[in-house]
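So the sequences go chain by chain: A and B. Residue numbers for the first sequence follow our numbering, so the first one is 1 and each next one is one higher. Residue numbers for the second sequence follow our numbering, so the first one is 1001 and each next one is one higher. Just so you know, even glycine gets a beta-carbon here, dropped at the ideal spot from N, CA and C. A quick note: this is a predicted structure, and the numbers were derived from the prediction, not measured. Heads up, the thing below is written out as structure tokens.
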Amino acid sequence: MHMADALLSPAVGIVMGAVSAGAIAYSVTKVKKDELSEKKIPLMAVAGAMVFAAQMVNFTIPGTGSSGHIGGGILLAGLLGGTPAFLSISAVLIIQCLFFADGGLLALGCNIFNMGVIPCLLIYPLLFKPFLKKNISYGRLSVSSVISVVASLLIGSFAVVLQTLASGITALPFGLFAALMLPIHAVIGLIEGLITAGILCFVYKMRPEILGSARSGEMLKSDVSTKQIIVFLGVAALIIGGVGALFASTNPDGLEWAIAKIVGGEGLQTENAVQNGAGTVQDALAFLPDYGFRNGENETLGTSTAGIIGAVCTFIFAFVTGFIISKAKKARKKTDDGAKNIASENKNSAE
Amino acid sequence: MKNADARSFLIQFETLALGKTVIHKLHPLTKLMSSFVFIIGVISFKRYDFIRLVPYLFYTVIVTALAEIPYRVLIPKLLIALPFCLFAGVSNLIFDRETALVFLNLRISYGAVSLFTILFKMYLSVSAALLLTATTPLTELSAQLRRLRVPYVFVMVFEMTFRYIGVFLSEIRSKNTAYNLRNGGRKGIRIGHAGSFLGQMLLHGFDRSERVYAAMQLRGYSREEIPIAKQPFRLLDGVVLAVVCALVIVFRFIKIW
């Protein structure tokens, strides 16, 4: 479910980055206020690393031939509480992006939002915790795990759909895109939910105090009210919704363009009228004013053969440059090594 | 990605980051900022702008060559990012069939152009991020994050998580082997055993974190932030950053063809 840089527009990436950075800052202040937090830092790191490693383990589902692995957000939240879990999943996502090419540098904001903010700061306090408010039992723990994981994956994958479409990179119509993404993630969520439930029940059986402290730790802090989280997420949703709507409706590459294209020419004309009007507004408001410089898709492609040949030449030229630099470096190393050898030989003979 | 691969990836990157080339010696801020500016430049192109993206290839090729990063390390990682991009790109091929141009009697559709654009953008952005980590040791990167006022608590969690990933990957590998040896020749771990398999590990992890915390305290760890050394920002660092930014902007707005 990792978003990639290649599917993102800078505006969506930067807005989501700002939202996620805000969520991290918020969680850091919350964790700092908690007296236990000092002790929790290694715990957060260990749990995060553990979840990362555990994602490599595939569990087979008997009779189906398929397999699944754990997700992370809800499991961590169940063990550590919402805000610490969010920080540790964010660290994991950054490491995945930097060292494993899973997601991208600019897509980090999206990924932290989809896989961190949604399960830890939204689903955990609003869905997972209320289930366990009265008392913890295996049944409650299992049901709340499965429901929470399914819900966070569904909302997360829906966010991926919205972010991709708002970026205007894919021509997939909104309905079809959502229809492809959501059922797949519902099934994945069910499997991940079962595994998460298994782990949480096991931990509860062996060391009930761990789940208890995560629960009470969150409850003790009266200042981390659900209200605050809702307000924060509401503001975030507003920003995202605003920017998303602006782009989806004004960007001729976006989803309406695709829908209009599928519907036929009639729709396209009215769309264009709307787009032109909104486009001028957007040019004035645009986060990165690249629209003024945009050459329009058709013009770009109108360059045809000459452009393609030029591009191919640049391609070759770029790789030749790289090749020459590597060769030159190797040659220099060799001569350096040779000089060193001669020097050491001279030294030896002198001795 | 298999467990063993993940471990070797980490080791490979840590080793590469210890290099002593011109790129390795650059200030981490320069590398961080240039990567960001470069990626923003790349992804700001529209979906049919394939041709205009080509000059950006110079950045990745030159940095790869100067930093002496082998392509056999970079390319397998690009494949990880491929599936989702391919999914979005191939759908363009299906929904966007109008002919964009005819090249040597070959009809190329808008969908094909956008597919190439997505894949090329993926190559450029993923390589830029990987080149950053392959040329900057984690300690330098996190020191830079702190200089940029990223909260200390978060940087610490980030650094420690990275350190523990290696530990847990090897632990999971031995557990996997142990399970398989007792599995009567059946493949994989049954989902019913997930709870105790990973739960045990988690509990061990929790105990370990307490020991880590105790060890940290014995070594004088307190809530106060550990001061970080200043790394001088040389003229060369500034020049490189300025040149990269200027070129990214020039090729973004000036149309060559």
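In the DSSP assignment, find the alpha helix (DSSP H) that holds residue i and state where it starts and stops.
i, result
"L80(A)", "G73 to L80"
"R1146(B)", "L1138 to R1147"
"K1175(B)", "Y1152 to L1181"
"F1233(B)", "Taken as a continuous stretch (DSSP letters only), F1233(B) belongs to no alpha helix (DSSP H), as it is neither H nor E."
"R1052(B)", "F1050 to L1053"
"G116(A)", "Careful: G116(A) lies outside any alpha helix (DSSP H) and carries neither H nor E."
"Y124(A)", "Y124(A) -> no alpha helix (DSSP H), and no H or E assigned at all."
"P183(A)", "F174 to M206"
Can you name, in chain order, every residue of its own chain whose Cβ lies under 6 angstroms from the Cβ of residue i, other than the five neighbours on each side?
i, result
"E969(B)", "Not covered by the structure: residue 969(B). The range shown for chain B is 1001 to 1257."
"C110(A)", "M3, M16 and Q163"
"L1131(B)", "V1063"
"N346(A)", "none"
"N251(A)", "Any reading at N251(A) needs caution, since the residue's pLDDT is 41, under 50, leaving its predicted position unreliable; the model's value is listed next. If we look at N251(A) and ignore the five residues flanking it on each side, its Cβ neighbours are G168."
"F86(A)", "S27, G116, C120 and L121"
Give the secondary structure of residue i by DSSP, where H, G and I count as helix, E and B as strand, and everything else as coil.
i, result
"V57(A)", "coil"
"L1018(B)", "coil"
"I1189(B)", "strand"
"I1254(B)", "coil"
"I136(A)", "coil"
"I1080(B)", "helix"
"T270(A)", "Confidence is the limiting factor: at T270(A) the pLDDT is only 36, short of 50, which leaves the residue's position unreliable, though a coordinate-based value still follows. Of the three classes helix, strand and coil, the one that applies to T270(A) here is helix, per DSSP."
"L1124(B)", "helix"
"F1045(B)", "coil"
"L106(A)", "coil"
"P1101(B)", "Position check: residue 1101(B) holds Leu in this sequence, whereas Pro was assumed. Three-state result, L1101(B): strand."
"T1060(B)", "helix"
"M3(A)", "coil"
"I1069(B)", "coil"
"V281(A)", "Residue placement at V281(A) is flagged as unreliable, the pLDDT there being 40, under the threshold of 50; a coordinate-derived value is accordingly withheld."
"Y1221(B)", "coil"
"H1027(B)", "coil"
"G168(A)", "coil"
"P84(A)", "helix"
"I1226(B)", "coil"
"A101(A)", "coil"
"I70(A)", "coil"
With burial defined as no fewer than 16 other Cβ atoms inside 10 Å of the residue's Cβ, what is the status of residue i: buried or exposed?
i, result
"S94(A)", "The sequence given here places Ile at residue 94(A); Ser does not occur at that position. Flag for I94(A) reads buried."
"R1147(B)", "exposed"
"Y204(A)", "buried"
"D223(A)", "Caution applies to D223(A), whose pLDDT of 43 falls short of 50 and renders its modelled position unreliable; the model cannot decide the point."
"C120(A)", "buried"
"T300(A)", "Unreliable positioning characterises T300(A) in this predicted model, as indicated by a pLDDT of 43, which lies under 50. The coordinate reading is nonetheless provided below. T300(A) is buried by the Cβ-count criterion."
"S152(A)", "buried"
"I1226(B)", "exposed"
"M56(A)", "buried"
"D337(A)", "exposed"
"Q269(A)", "In this prediction, Q269(A) scores a pLDDT of 38, lower than 50, which makes its location untrustworthy; no coordinate-derived value is stated."
"Q1217(B)", "exposed"
"S20(A)", "buried"
"S1127(B)", "buried"
"Y1071(B)", "exposed"
"S90(A)", "buried"
"V1243(B)", "exposed"
Since residue i is in the beta strand (DSSP E), which residue starts that stretch and which ends it?
i, result
"I14(A)", "No beta strand (DSSP E) holds I14(A); the alpha helix (DSSP H) holding it covers P10 to K33."
"S1109(B)", "L1106 to S1109"
Apart from the five residues on each side of it in sequence, which residues of its chain come closer than 7 angstroms, Cβ to Cβ, to residue i?
i, result
"G104(A)", "A4, D5 and C97"
"G1166(B)", "R1007 and L1010"
"L255(A)", "Caution is warranted here: a pLDDT of 33 is assigned to L255(A), below 50, making its placement in the model unreliable, and the coordinate value is therefore given only provisionally. Same-chain partners within the cutoff: L165, P173, F174 and A248."
"R1208(B)", "none"
"G139(A)", "none"
Within the same chain, show all residues whose beta-carbon is closer than 8 angstroms to that of residue i, passing over the 5 residues directly before and after it, in chain order.
i, result
"F319(A)", "none"
"G156(A)", "M1, N114, M115, I118, P119 and H185"
"K40(A)", "V31, D34, L80 and P84"
Any chance the CB of residue i is under 6 angstroms from a heavy atom of the ligand ATP?
i, result
"I1039(B)", "The ligand ATP is absent from the structure shown, which contains no ligands of any kind."
Given 8 angstroms as the limit, is there contact between the segment 182 to 202 of chain A and the segment 1187 to 1202 of chain B, that is, 3 or more CB pairs closer than that? The segment 182 to 202 of chain A vs the segment 1187 to 1202 of chain B: in contact.
Kindly confirm or deny that the segment 1078 to 1098 of chain B and the segment 1027 to 1042 of chain B touch, where touching means at least three C-beta pairs closer than 8 angstroms. Short answer: they don't touch.
Do the segment 1114 to 1131 of chain B and the segment 1046 to 1059 of chain B touch if we need at least three Cβ pairs shorter than 8 angstroms? Using a C-beta cut-off of 8 angstroms, the segment 1114 to 1131 of chain B makes contact with the segment 1046 to 1059 of chain B, since at least three inter-stretch Cβ pairs fall below that distance.
Are three or more beta carbon pairs between the segment 1148 to 1155 of chain B and the segment 1074 to 1084 of chain B nearer than 8 angstroms? With the cut-off at 8 angstroms, the segment 1148 to 1155 of chain B and the segment 1074 to 1084 of chain B do not touch.
Quick check: the segment 117 to 135 of chain A against the segment 143 to 150 of chain A, are at least 3 beta-carbon pairs closer than 8 angstroms? Short answer: they touch.
At a cut of 8 angstroms, does the segment 43 to 60 of chain A reach the segment 72 to 89 of chain A through at least three beta carbon pairs? Note that the segment 43 to 60 of chain A touches the segment 72 to 89 of chain A; at least 3 beta-carbon pairs, one per stretch, sit closer than 8 angstroms.
Are the segment 20 to 40 of chain A and the segment 1100 to 1111 of chain B touching, with three or more C-beta to C-beta distances below 8 angstroms? In the pairwise beta carbon analysis, the segment 20 to 40 of chain A is classified as not touching the segment 1100 to 1111 of chain B: fewer than three pairs are separated by under 8 angstroms.
Would you check if the segment 168 to 179 of chain A and the segment 1174 to 1192 of chain B touch, i.e. whether three or more CB-CB distances between them fall below 8 angstroms? Here the segment 1174 to 1192 of chain B makes no contact with the segment 168 to 179 of chain A; the two share fewer than three CB pairs at distances below 8 angstroms.
Inter-stretch contact (C-beta, 8 angstroms, three-pair minimum) for the segment 1016 to 1027 of chain B and the segment 1230 to 1244 of chain B: At 8 angstroms Cβ cutoff, the stretches touch.
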